[in-house]
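Written below as structure tokens is the structure these notes are about.
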Amino acid sequence: MSSLPATVQDVFNEPGCAKNVTKSRAERNKGCTRQLQPGSAAGGCAFDGAKIALQPFTDVAHLVHGPIACEGNSWDNRGSASSGPNLWRTGFTTDLTETDIVFGGEKRLYKAIKQIIDKCDPPAIFVYQTCVPAMIGDDINAVCKAASQRFGTPVIPVNSPGFVGSKNLGNKLAGEALLEHVIGTQEPDYTTPYDINLIGEYNLSGELWQVKPLFDELGIRILCCIAGDGKYHEVASSHRARAAMMVCSRAMINVARKMEERYGIPFFEGSFYGIQDSSGALREIARLLVERGAPEDLIGRTEAVIAREEARARAAIEPYRPRFKGKKVLLMTGGVKSWSVVAALQEAGLELVGTSVKKSTKEDKERIKHLIGQDAHMIEDMTPREMHKMLKDAKADIMLSGGKSQFVALKAAMPWLDINQERCHAYMGYVGIVKLVEEIDKALFNPMWEQLRRPPPWDGRADDWQTKTTAQLDLQPIEIVADQTLTQKTPRARRICFCNTVDLGTIEDAIRSHNLTSVEAVTQHTQAVGGCCRRRIEDILAGRPISWWPATLQAAE
Amino acid sequence: MVIVTTPKKACAVNPLKMSQPIGGAFAFMGLRGAMPLLHGPQGCTSFGLTLFVRHFREPVPLQTTAMSEVTTVLGGYENVEQAILNIHNRAKPEIIGICSTGVTETNGDDVDAYIKLIREKHPQLDKLPLIYVSTPDFKDAFQDGWGKTVARMVEVLVEAPAAETVRNPAQVNVLPGCHLTPGDLDELRIIFEDFGLQPSFLPDLAGSLDGHIPDHFTATTIGGIGIDEVARMGRAGWTIAIGAQMRRAAEAMQEKTGVPFRLFERLCGLVPNDDFIAFLSEISGRPVPSRYRRQRGQLVDAMLDAHFQIGGRRLAIGAEPDLLFDLSSMLHEMGAQVTAAVTTTQSAVLEQIKTKEVQIGDLEDLEELARTRDCDLLITHSHGRQAATRLKIPFYRAGFPMFDRLGAGHQVSVGYRGTRNLIFEIANLVIADREANHAPTPDSWRSATLPSRGGRRSSIDAVERSIA
Numbered sequence: 001m002s003s004l005p006a007t008v009q010d011v012f013n014e015p016g017c018a019k020n021v022t023k024s025r026a027e028r029n030k031g032c033t034r035q036l037q038p039g040s041a042a043g044g045c046a047f048d049g050a051k052i053a054l055q056p057f058t059d060v061a062h063l064v065h066g067p068i069a070c071e072g073n074s075w076d077n078r079g080s081a082s083s084g085p086n087l088w089r090t091g092f093t094t095d096l097t098e099t100d101i102v103f104g105g106e107k108r109l110y111k112a113i114k115q116i117i118d119k120c121d122p123p124a125i126f127v128y129q130t131c132v133p134a135m136i137g138d139d140i141n142a143v144c145k146a147a148s149q150r151f152g153t154p155v156i157p158v159n160s161p162g163f164v165g166s167k168n169l170g171n172k173l174a175g176e177a178l179l180e181h182v183i184g185t186q187e188p189d190y191t192t193p194y195d196i197n198l199i200g201e202y203n204l205s206g207e208l209w210q211v212k213p214l215f216d217e218l219g220i221r222i223l224c225c226i227a228g229d230g231k232y233h234e235v236a237s238s239h240r241a242r243a244a245m246m247v248c249s250r251a252m253i254n255v256a257r258k259m260e261e262r263y264g265i266p267f268f269e270g271s272f273y274g275i276q277d278s279s280g281a282l283r284e285i286a287r288l289l290v291e292r293g294a295p296e297d298l299i300g301r302t303e304a305v306i307a308r309e310e311a312r313a314r315a316a317i318e319p320y321r322p323r324f325k326g327k328k329v330l331l332m333t334g335g336v337k338s339w340s341v342v343a344a345l346q347e348a349g350l351e352l353v354g355t356s357v358k359k360s361t362k363e364d365k366e367r368i369k370h371l372i373g374q375d376a377h378m379i380e381d382m383t384p385r386e387m388h389k390m391l392k393d394a395k396a397d398i399m400l401s402g403g404k405s406q407f408v409a410l411k412a413a414m415p416w417l418d419i420n421q422e423r424c425h426a427y428m429g430y431v432g433i434v435k436l437v438e439e440i441d442k443a444l445f446n447p448m449w450e451q452l453r454r455p456p457p458w459d460g461r462a463d464d465w466q467t468k469t470t471a472q473l474d475l476q477p478i479e480i481v482a483d484q485t486l487t488q489k490t491p492r493a494r495r496i497c498f499c500n501t502v503d504l505g506t507i508e509d510a511i512r513s514h515n516l517t518s519v520e521a522v523t524q525h526t527q528a529v530g531g532c533c534r535r536r537i538e539d540i541l542a543g544r545p546i547s548w549w550p551a552t553l554q555a556a557e
Numbered sequence: 001m002v003i004v005t006t007p008k009k010a011c012a013v014n015p016l017k018m019s020q021p022i023g024g025a026f027a028f029m030g031l032r033g034a035m036p037l038l039h040g041p042q043g044c045t046s047f048g049l050t051l052f053v054r055h056f057r058e059p060v061p062l063q064t065t066a067m068s069e070v071t072t073v074l075g076g077y078e079n080v081e082q083a084i085l086n087i088h089n090r091a092k093p094e095i096i097g098i099c100s101t102g103v104t105e106t107n108g109d110d111v112d113a114y115i116k117l118i119r120e121k122h123p124q125l126d127k128l129p130l131i132y133v134s135t136p137d138f139k140d141a142f143q144d145g146w147g148k149t150v151a152r153m154v155e156v157l158v159e160a161p162a163a164e165t166v167r168n169p170a171q172v173n174v175l176p177g178c179h180l181t182p183g184d185l186d187e188l189r190i191i192f193e194d195f196g197l198q199p200s201f202l203p204d205l206a207g208s209l210d211g212h213i214p215d216h217f218t219a220t221t222i223g224g225i226g227i228d229e230v231a232r233m234g235r236a237g238w239t240i241a242i243g244a245q246m247r248r249a250a251e252a253m254q255e256k257t258g259v260p261f262r263l264f265e266r267l268c269g270l271v272p273n274d275d276f277i278a279f280l281s282e283i284s285g286r287p288v289p290s291r292y293r294r295q296r297g298q299l300v301d302a303m304l305d306a307h308f309q310i311g312g313r314r315l316a317i318g319a320e321p322d323l324l325f326d327l328s329s330m331l332h333e334m335g336a337q338v339t340a341a342v343t344t345t346q347s348a349v350l351e352q353i354k355t356k357e358v359q360i361g362d363l364e365d366l367e368e369l370a371r372t373r374d375c376d377l378l379i380t381h382s383h384g385r386q387a388a389t390r391l392k393i394p395f396y397r398a399g400f401p402m403f404d405r406l407g408a409g410h411q412v413s414v415g416y417r418g419t420r421n422l423i424f425e426i427a428n429l430v431i432a433d434r435e436a437n438h439a440p441t442p443d444s445w446r447s448a449t450l451p452s453r454g455g456r457r458s459s460i461d462a463v464e465r466s467i468a
């Protein structure tokens, strides 16, 4: 069992990563995450990454060992879909308290594991290490090992405390946990020459099911999907697959490469976003399977399915072409998606004004150049302010991005579509890309935009009237304090006599115009009764601050 | 006497509680030009941020000192310093609010001393207020973080008035608990202004997280109460605190400025609002405007209309203490029984809840209690959705977070009008549930025995109530 620093170093040395192999040895040792800038960092921690990568295993209990923040602030927040078990959506945490921090949390963790097994009896428990127990030296590996032996249920330590690095590192550490403790520990019930693994696919909004019918039709079996709609038994026996596809993400490249090394499972990196990519992925799967001994007719059958599906998808997109003519898209997403969606958008007649290449490799960039020409706007890093300006100046008609930048677009009253993990629509495969085009159409041509950009009739400009109003509101209290006449005016409306409703102004005016000196004189010249308001009138006559609050009230306090 | 029980389980299942630091950060979001900063690893900030963004569907400012394993060993001074300088240079905030987390508390980082050192080293920060609040994750809960932070704001930002300063009796300080939404604050503002009072809300989420469209992009909060206005709070005639969590802040205000306070533990329901409106009438010296006389009548009428649905309901409620007390009391006053009550943290109000037992626990506890005690109305935050599906009872979402429905920021429960609408919403849920799941059939009464106390509610019961 290797130590956490050794595992982290091993992950950083990943030879399968295209970006990594171009680096010098020294650079590689620094790791692939940029040094975080305190005060201007964004994004999740390693624990977040590990949890995201493994949580979609649906029949597993995911137990977070840490104080409430780690699980309490984040549970049940992923949009993965399950075809059966729902245990993955239950939040389990040891919710460490001050006492545990002082005396150590190992016992509590052991008891928590027992509690879960007694109550839910899951096929396995994944235990996630977090920062605080890592600091106080809780040895989750030892606890998990003891619990596995005692209870006969696999208890898998996922050693990824948040402070070791970024979300991306966490993905890889999760992969390491699978490689070390899970993969190859069980045997599949049966095997076929058509068994594949999908690695790094999370079945968000059930998008895997947009592609699965095609696999089913071709007789291709998903032996294991890591991790979308996956089950423990499937991943434990995934080493018997014939081929693997690393789906649209380098997050788990270590898993794909090491499975190739250990079990001889060839893999390729592909994506199901866009028509061409979907076809490419299907072809590659068929080719790899045939290479590994599947009957050769698979290739012909795959081509037939591809031809049919492409024709259907193109026919469905065709009507949108005239509507989308001249519409400009800004695509702010990372890595593979920066080009895999581009082709599909172009096919629908949209014009691409820019795409982000922040997380893309050299090959990704070459592909983009190939697709949208040399002068393509490849945006390395765009601040929210710049994005906002680009949309406001109407250099783009719609932005497609992840949830983090959604308000940049929406607050500029510009159409926006979520194409990252939090989205509620599924965009995979041929069905998915048609859906994406439909959604773009709905967003672009919503009649609402026109109304939203219209200024209110009482103001020249729509976009700053609210700011102005707010500014005025903010100023008001200051003015009241600063301006003498205003200060006097407000209390003048105040009631002095409640019985006959006489305000301060009336009494003051009466005093001034008739030179009154006594309460009785005031009652003669005004409606004031001089009973319960007697003291207040005396205050006014004496020029004292008025006692606004009746004594009974102060006593009550 | 209410018995408050604490958890004995080793493993919390489906947590109800959220952590203290993000409660603290939430309070800073009600200041203008603020940048809340969590001193801890980036994940602490990232999870909190996601939660707030999904709840409000608004951009939310929240930064991190990005502690790594190495800096944790070395101590966090440099990270705090860099974070403050970076934020100061890039976002140009009017104030930075710092909350600690589990990691930096376990480490024992003395952030107050860090700030002193940073101020000595960087005189350009002289005019930038830096407020630090200690909020370890492994103690207390969300509302405690909020309460502590507001108390700290009062201690640091409010100026003690000079002896000769004349109080402005029309100026009122309002210290709202974190269970009030921006919509609640807007409603309260209208009420105060109708009495000729000028309220200063600390914090003022209605200014910052109400869903307005700003003209330009800023990284800090937009709207909220300005620190200049906070400084002047010492000149107010009164402080009104809402929710027991705000007692600490109100006492701090009184101690520092001598402004007397009155604590309203709840503002949902008829009687609490009668007290509130009467108090405003007294301190403003104005009679109750006709609008509120009418609204009171409307609330009374709503209670008459809805008591058929709400009376006799067996309520299962999971919420932070102040919200739990507020909503459960209102429903209790309309004839509901508070059958299962689960909360997150200790509080003085728990003893006043109209039930036998309050558990400090999680949503698993609430679900089990609701099942064994045959509850037929569930109130908790959005994480109760799984339990509601399994229990098959009407589910009203209340509290934070509410990520799976729109309009969380505008859900109003204060005032006569807010209470009235809330009652209608809950009663309508009950009606919809009866139509969908409890319609009478020819066989409804065939095998029915008379309901025994505490037994499962029979369909006769439901039908009779609907006829009544």
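Protein chains in written order, with full-length UniProt numbering: chain A, 1 to 557; chain B, 1 to 468.
Backbone N, C-alpha and C define an ideal beta-carbon position, used for all residues, glycine too.
These figures come from a predicted structure and were not determined experimentally.
Item	Value
Residues of its chain near residue 471 of chain B, where Cβ-Cβ distance is below 8 Å and the 5 sequence neighbours each way are ignored	Missing from the structure shown is residue 471 of chain B; chain B here goes from 1 to 468 and no further.
Host beta strand (DSSP E) of B:L378 (start-end)	L377 to T380
Partner residues on chain B for A:K111, Cβ-Cβ distance less than 8 Å	A10 and C11
Proximal residues to A:K365 (C-beta, below 6 Å), its chain only, five neighbours per side dropped	V357
Straight-line Cα distance separating B:R417 from A:L452	29 Å
First and last residue of the uninterrupted alpha helix (DSSP H) at A:A69	I68 to G72
Beta-bridge pairing of A:F92 - partner residues as DSSP gives them	A:L63 and B:V13
Reduced DSSP secondary structure (H/G/I, E/B, other) of B:Q359	strand
Short CB-CB distance (under 7 Å) between residue 559 of chain A and chain B	Residue 559 of chain A lies beyond the range of chain A shown here (1 to 557); nothing can be said about it.
Expected contact under 8 Å - CB spacing of B:L391 and B:A370 to nearest Å	6 Å
Sequence-distant residues of the same chain with beta carbon closer than 7 Å to B:N421, five excluded per side	V412
Own chain, CB closer than 6 Å to B:D184, minus 5 neighbours either side, in chain order	V412 and V414
Chain B within 7 Å of A:I543, Cβ atoms only	Reading the sequence as shown, one finds Gly at residue 543 of chain A and not Ile. Chain B, which has no Cβ nearer than 7 Å to the Cβ of A:G543, makes this no.
Sequence ranges, beta strand (DSSP E) only - wholly within the stretch 243-326 of chain A, length at least 3	243-247 and 267-270
Neighbouring residues, chain B, relative to A:K172 (Cβ below 9 Å)	Those within 9 Å of A:K172 in chain B number zero; the least Cβ separation is about 16 Å.
Chain A residues whose Cβ lies nearer than 9 Å to that of B:S19	P67, I68, A69, C70, G72 and N73
Stretch-stretch touch, CB-based, cutoff 8 Å, three pairs: the stretch 426-438 of chain A with the stretch 203-222 of chain A	yes
B:K148 beta carbon less than 7 Å from that of B:V133	yes
Integer Cβ distance of B:D137 from B:S46, believed to fall under 8 Å	Contact flag wrong, Cβ pair sits at about 14 Å.
Straight-line gap, B:V174 to B:P203 (C-alpha atoms, nearest Å)	9 Å
Cutoff 7 Å: B:T257 Cβ touching any chain A Cβ	no
Residues that DSSP places opposite A:D418 in a beta bridge	A:S401
6 Å Cβ shell around A:D195 - same chain, five flanking residues per side excluded	R221, L223, A241 and R242
Distance cut-off 6 Å: A:V437 Cβ against heavy atoms of the ligand FAD	The ligand FAD is absent from the structure shown, which contains no ligand whatsoever.
Within 7 Å, strictly: CB atoms of B:A340 and B:R373	yes
Residues of its chain near B:T239, where Cβ-Cβ distance is below 6 Å and the 5 sequence neighbours each way are ignored	N173, A250, M253, V259 and F261
Whether A:C70 touches B:P41 by CB criterion (7 Å)	no
Which residues DSSP lists as bridging A:T355, in chain order	A:L331 and A:M378
Spatial distance of A:G293 from A:G280 (CA atoms)	20 Å
Integer-rounded CB distance, given that A:N203 should sit under 8 Å from A:A81	5 Å
For B:P401 and A:I440, the rounded distance between their alpha carbons	30 Å
Whole-Å CB distance - A:A344 paired with A:I433, under 8 Å assumed	5 Å
Whole-angstrom distance between A:Q186 and B:T106, CA atom to CA atom	40 Å
Same chain, Cβ closer than 6 Å to A:K362, neighbours up to 5 away in sequence not counted	none
C-beta contact flag for A:V408 and A:H377 at 7 Å	no
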